[in-house]
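The opening residue of the sequence shown carries number 2 in the numbering used here; numbering runs sequentially from there. Even for Gly, the Cβ is constructed at its ideal location relative to N, Cα and C.
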Amino acid sequence: MNANQKDAWAQVAAEAARLKQLSLIDLFAAEPNRADALTLAAPHLLADFSKQRIDASALAALEALAGAMDFSGWRAKMFAGAPVNTTENRPAMHWALRAPDAPEEVRACQVKMAAFAHRIRREIDAIVHLGIGGSDLGPRLIMDALKAHRIRGIEVRFAANVDGADVADATAGLKPARTLLIVVSKTFTTQETLANAAFVRAWGPKHIAAATAAPNKAIEWGVPASSIFPFWDWVGGRYSLWSSASLCCAIALASGPYQRLLAGAAAMDAHFRDAPFPRNLPAISAAVQMWNREALGHGSYALVPYSERLRLLPAFLQQLEMESNGKGVTRDGAALARSACAVTWGAAGTNAQHSFFQLLHQGVDEIPVELILNSGAHEGPASHRAKVFANVLAQARALMIGKPSSDPHRSFPGNRGSTLMAMDALSPEALGALLAFYEHRTFTQAVLSGTNPFDQFGVELGKEMANALQPALEGGQTPLGLDASTENWVNRLRDS
Ligand code: F6P
Numbered sequence: 002m003n004a005n006q007k008d009a010w011a012q013v014a015a016e017a018a019r020l021k022q023l024s025l026i027d028l029f030a031a032e033p034n035r036a037d038a039l040t041l042a043a044p045h046l047l048a049d050f051s052k053q054r055i056d057a058s059a060l061a062a063l064e065a066l067a068g069a070m071d072f073s074g075w076r077a078k079m080f081a082g083a084p085v086n087t088t089e090n091r092p093a094m095h096w097a098l099r100a101p102d103a104p105e106e107v108r109a110c111q112v113k114m115a116a117f118a119h120r121i122r123r124e125i126d127a128i129v130h131l132g133i134g135g136s137d138l139g140p141r142l143i144m145d146a147l148k149a150h151r152i153r154g155i156e157v158r159f160a161a162n163v164d165g166a167d168v169a170d171a172t173a174g175l176k177p178a179r180t181l182l183i184v185v186s187k188t189f190t191t192q193e194t195l196a197n198a199a200f201v202r203a204w205g206p207k208h209i210a211a212a213t214a215a216p217n218k219a220i221e222w223g224v225p226a227s228s229i230f231p232f233w234d235w236v237g238g239r240y241s242l243w244s245s246a247s248l249c250c251a252i253a254l255a256s257g258p259y260q261r262l263l264a265g266a267a268a269m270d271a272h273f274r275d276a277p278f279p280r281n282l283p284a285i286s287a288a289v290q291m292w293n294r295e296a297l298g299h300g301s302y303a304l305v306p307y308s309e310r311l312r313l314l315p316a317f318l319q320q321l322e323m324e325s326n327g328k329g330v331t332r333d334g335a336a337l338a339r340s341a342c343a344v345t346w347g348a349a350g351t352n353a354q355h356s357f358f359q360l361l362h363q364g365v366d367e368i369p370v371e372l373i374l375n376s377g378a379h380e381g382p383a384s385h386r387a388k389v390f391a392n393v394l395a396q397a398r399a400l401m402i403g404k405p406s407s408d409p410h411r412s413f414p415g416n417r418g419s420t421l422m423a424m425d426a427l428s429p430e431a432l433g434a435l436l437a438f439y440e441h442r443t444f445t446q447a448v449l450s451g452t453n454p455f456d457q458f459g460v461e462l463g464k465e466m467a468n469a470l471q472p473a474l475e476g477g478q479t480p481l482g483l484d485a486s487t488e489n490w491v492n493r494l495r496d497s
């Protein structure tokens, strides 16, 4: 970290020391315009940061930090297709998958997907989508979130886990002769996906397709070349939902929504690329995340979408944020002075109010909360919409103002920060914008801490060890040199 960057962090720390002395209520009292001044708009999204422990002076310090970390430079590099994935010397061009002027190879794949979707819809009544991590979470989230846009008569099932119960469930009750198997794997080497795919192939689906960046491996495995939909090395797995990895969505959503999803993401890309830092929603939100994590010291944040259709968002974001930014070193390999992200966790509201909100309101640690609502039309009984809004507003307000009581058990400390984000609708465009927002926020957090968010070497060691242990668990010799605990378990489980 150079002297400039150290000074910028020192300034951020000084702002935090000042703001820690003040309550959120004090901040509102001191700034009559606070609610408006700290509400930012971006395509399909409105975000209110006024209930976070932050003010204009702290945001100015964070903007200076972004300058010192060359935020503009790294953003320009990403959108220019420069190798921002420095450890693997690759660009990160997920944004190009949804660009109105997408590269020719992307357009060709989209045309092939649309034609395939059109043809196959008549021949199937079910899709089994197999993939894991980025090859699962995004398409699964899209299908769940846009349930209202699904065409009738095509059921989509997902299996990711190598626990056989998952794939058994995914095929149960389906007719192989009316089922399309889609194997999604960037590398086409992932143990879980290949094990599930082998099982489903043996079950005998009428059609098999694959989405992969390793087409030769898919052909070798038995997918007809005409049913292979490429994506590319420059698309990270957790950023791949904009690619052929979402073939199931292109098939099972009514024609139009899939393109609208891409268009919403493209609108957010333009905002992120062009808006100045103080009005740039992903950038400001990243600054607030880093502020909470590093300046105020909150180790996690809770993500609570007040929308049943977004119940899978926390799982999706756990991979996006923690696989991207769960790093201990800078781009140059130096030990990180600061984390690039907090722990992401959460669940849909209002259900979450009846589980972990107790901890948020009265637990010893403050945990910042990110609340999301759909301010547009809601599905289901019309009378429920105001109830959802009342709950989300009440929770944010209760976290902030608390409630004193002479009975300590019934006292609420308050002064707990939250962000409220509103989508203008639960539309394909707004979902695309929301997911692109999170991608750019994740990228900006990495820039602010100096890390590369596009590699994930941390997932490799466990995979290697599992491969080494598997033969013993299938009846072979226990490998030499294991620690005593692992050796005991291998012996116990092999003989069980
Ligand atoms: O868990 C590591 C990981 O490589 C993720 O980054 C990725 O999304 C997932 O595995 C699946 O990989 P693939 O698409 O190559 O099967």
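Would you call VAL129 buried or exposed, if buried means 16 or more other Cβ atoms sit within 10 Å of its Cβ?
Here residue 129 refers to the residue found at position 128 of the sequence shown. By the 10 Å Cβ count, VAL129 comes out buried.
Smallest Cα separation from ILE183: which of GLU105, PHE278, VAL13, GLY223?
Locating residue 183 in the sequence shown gives position 182, where the first residue counts as 1. Per the Cα distances, GLY223.
When DSSP builds the beta bridges, which residues end up paired with GLU156?
For the purposes of this step, residue 156 is taken as residue 155 along the sequence shown, with counting starting at 1. DSSP, once it has assigned bridges, lists ALA127 as partnering GLU156.
At which residues does the beta strand (DSSP E) containing HIS208 begin and terminate?
Here residue 208 corresponds to residue number 207 of the sequence shown, with the count starting at 1. Counting along the chain, the beta strand (DSSP E) containing HIS208 begins and ends at 208-213.
Can you have a look at PHE458 and say buried or exposed, based on whether 16 or more other CB atoms are within 10 angstroms of its CB?
The residue given as residue 458 occupies position 457 in the sequence shown. It is exposed - the Cβ of PHE458 has fewer than 16 other Cβ atoms within 10 Å.
State buried or exposed for SER51, treating a residue as buried only when at least 16 other CB atoms are found within 10 Å of its CB.
Locating residue 51 in the sequence shown gives position 50, counting from the first residue. SER51 should be labelled buried.
Which same chain residues end up closer than 7 Å to ASP425 when comparing Cβ atoms and leaving out the 5 residues on each side of it in sequence?
By one-based count along the sequence shown, residue 425 stands at place 424. Cβ neighbours of ASP425 beyond the five flanking positions: HIS45, SER376, GLY377, ALA431.
Taking LEU374 as the reference, give the member of VAL365, GLN363, ARG386, ILE368 with the closest Cα.
Here the question's residue 374 lines up with position 373 in the sequence shown. Considering only alpha carbons, the answer is ARG386.
I'd like to confirm something about GLY238: is its beta-carbon nearer than 6 Å to some heavy atom of the ligand F6P, or not?
What you label residue 238 is simply residue 237 of the sequence shown in a count that begins at 1. Within the cutoff, so yes.
Shorter than 6 Å, the distance from the beta carbon of GLN457 to the closest heavy atom of the ligand F6P, or not?
Taking the sequence shown and counting its residues from 1, one reaches residue 457 at position 456. Yes, the beta carbon of GLN457 sits closer than 6 Å to at least one heavy atom of the ligand F6P.
Output yes or no for whether 7 Å exceeds the beta carbon distance between THR351 and LEU318.
Reading the sequence shown from its first residue, position 350 is the one you call residue 351. Reading the sequence shown from its first residue, position 317 is the one you call residue 318. Contact flag unset, no.
Which word fits TRP235, buried or exposed, when buried means at least 16 other C-beta atoms lie within 10 angstroms of its C-beta?
For the purposes of this step, residue 235 is identified with residue 234 of the sequence shown, where counting begins at 1. When all chains shown are included, TRP235 counts as buried.
Could you give the DSSP three-state label for GLY371: helix, strand or coil?
What you label residue 371 is simply residue 370 of the sequence shown in a count that begins at 1. According to the sequence shown, residue 371 is Glu rather than Gly. In this structure, GLU371 counts as strand in the three-state DSSP scheme.
Once you ignore the five residues that flank GLN446 on each side, which residues in its own chain have a CB closer than 7 Å to its CB?
Reading the sequence shown from its first residue, position 445 is the one you call residue 446. Here the set comprises ALA287, GLN290, MET291, ASN326, ALA341, CYS342.
Within this structure, are the beta carbons of ARG151 and ALA251 separated by less than 7 Å?
Counting from 1 along the sequence shown, the entry for residue 151 is found at position 150. Counting from 1 along the sequence shown, the entry for residue 251 is found at position 250. It is not a contact, given that the beta carbons lie outside the stated cut-off.
Ignore the nearest five residues each way along the sequence and tell me which others in ASN90's own chain have a CB closer than 6 Å to its CB.
Walking along the sequence shown from the start, residue 90 turns up at place 89. Within the same chain, ASN90 has close Cβ partners PRO84.
What does the alpha-carbon distance come out to for the pair LEU282 and ALA276?
Sequence index remark: in the sequence shown, residue 282 carries index 281 (1-based). Sequence index remark: in the sequence shown, residue 276 carries index 275 (1-based). Their backbone Cα atoms lie some 8 Å apart in a straight line.
What does the alpha-carbon distance come out to for the pair ASP137 and ALA161?
As a first step, residue 137 must be located in the sequence shown, where it is residue number 136. As a first step, residue 161 must be located in the sequence shown, where it is residue number 160. So the two alpha carbons sit approximately 7 Å from each other.
Which of the three DSSP states is assigned to TRP204 in this structure?
Numbered from 1 along the sequence shown, position 203 holds the residue referred to as residue 204. In the structure shown, TRP204 sits in a helix (DSSP, three-state: H, G or I).
Give me, in chain order, the residues of the same chain whose beta-carbon lies closer than 6 Å to that of LEU47; leave out the 5 immediate sequence neighbours on both sides.
As a working mapping, residue 47 is identified with position 46 in the sequence shown. Closer than 6 Å at the Cβ level, and outside the excluded window around LEU47, lie ALA423.
Do ALA215 and ILE229 have their CB atoms nearer than 7 Å?
By 1-based counting over the sequence shown, the position of residue 215 is 214. By 1-based counting over the sequence shown, the position of residue 229 is 228. No, the Cβ-Cβ distance between ALA215 and ILE229 is not below 7 Å.
Report, in whole angstroms, the separation of the C-beta atoms of HIS208 and LEU181, which I expect to be a contact under 8 Å.
For the purposes of this step, residue 208 is taken as residue 207 along the sequence shown, with counting starting at 1. For the purposes of this step, residue 181 is taken as residue 180 along the sequence shown, with counting starting at 1. Contact flag correct, Cβ pair sits at about 4 Å.
For the ligand F6P, is there a heavy atom less than 6 Å away from the beta-carbon of ILE133?
Taking the first residue of the sequence shown as 1, we reach residue 133 at position 132. Yes, the beta carbon of ILE133 sits closer than 6 Å to at least one heavy atom of the ligand F6P.
Go ahead and label GLN396 buried or exposed: buried means 16 or more other beta carbons lie within 10 angstroms of its beta carbon, across all protein chains shown.
Locating residue 396 in the sequence shown gives position 395, counting from the first residue. The residue is buried, with at least 16 neighbouring Cβ atoms inside 10 Å.
Rounded to the nearest angstrom, what separates ARG239 and TRP75 at their Cα positions?
Along the sequence shown, read from residue 1 onward, the residue named residue 239 stands at position 238. Along the sequence shown, read from residue 1 onward, the residue named residue 75 stands at position 74. One C-alpha to the other measures close to 20 Å.
Going by C-alpha distance, which of LEU474, VAL448, LYS464 is nearest ALA77?
Position 76 of the sequence shown, counting from 1, holds the residue named residue 77. Cα-wise, what sits closest to ALA77 is VAL448.
Considering only residues of the same chain and omitting the five flanking positions on each side of ASN5, which have a CB-CB separation below 8 Å?
Here residue 5 corresponds to residue number 4 of the sequence shown, with the count starting at 1. So the qualifying residues of the chain are ALA69.
Beta carbon of THR479: closer than 6 Å to some heavy atom of the ligand F6P?
Reading the sequence shown from its first residue, position 478 is the one you call residue 479. Flag unset: Cβ of THR479 not near the ligand F6P.
Skipping 5 residues on each side, what residues in its chain have a beta carbon closer than 7 Å to that of LEU66?
Within the sequence shown, residue 66 is the residue found at index 65, counting from 1. Excluding sequence neighbours, LEU66 sits near ALA9, TRP10, VAL13, LEU449.
Using 8 Å for Cβ pairs, my map puts PHE72 next to ALA284. What's the rounded Cβ distance?
By 1-based counting over the sequence shown, the position of residue 72 is 71. By 1-based counting over the sequence shown, the position of residue 284 is 283. 7 Å between Cβ atoms; contact.
For a minimum of 4 consecutive residues, which ranges assigned as the alpha helix (DSSP H) are wholly contained in the stretch 22-79?
Listed in chain order, they are 25-31, 35-38, 57-69.
Go through its chain and collect everything with a Cβ distance to ALA15's Cβ below 8 Å, but skip five positions before and after it.
Indexing the sequence shown from 1 puts residue 15 at position 14. Excluding sequence neighbours, ALA15 sits near ALA62.
Given a cut-off of 7 Å, decide if ALA296 and ALA57 are closer than it, judged by their beta-carbon atoms.
What you label residue 57 is simply residue 56 of the sequence shown in a count that begins at 1. What you label residue 296 is simply residue 295 of the sequence shown in a count that begins at 1. Result no, Cβ atoms of ALA57 and ALA296 do not sit closer than 7 Å.
Exposed or buried, what is SER186 when buried is set at 16 or more other beta-carbons lying within 10 Å of its beta-carbon?
By one-based count along the sequence shown, residue 186 stands at place 185. Counting Cβ neighbours within 10 Å, SER186 comes out buried, since at least 16 surround it.
Following a CB-centred definition, is SER245 positioned closer than 6 Å to any heavy atom of the ligand F6P?
Here residue 245 corresponds to residue number 244 of the sequence shown, with the count starting at 1. Checking the Cβ of SER245 against the ligand F6P gives no.
Using only the heavy atoms of the ligand F6P, determine whether one of them is closer than 6 Å to the beta carbon of SER186.
Within the sequence shown, the letter at position 185 stands for residue 186. Flag set: Cβ of SER186 near the ligand F6P.
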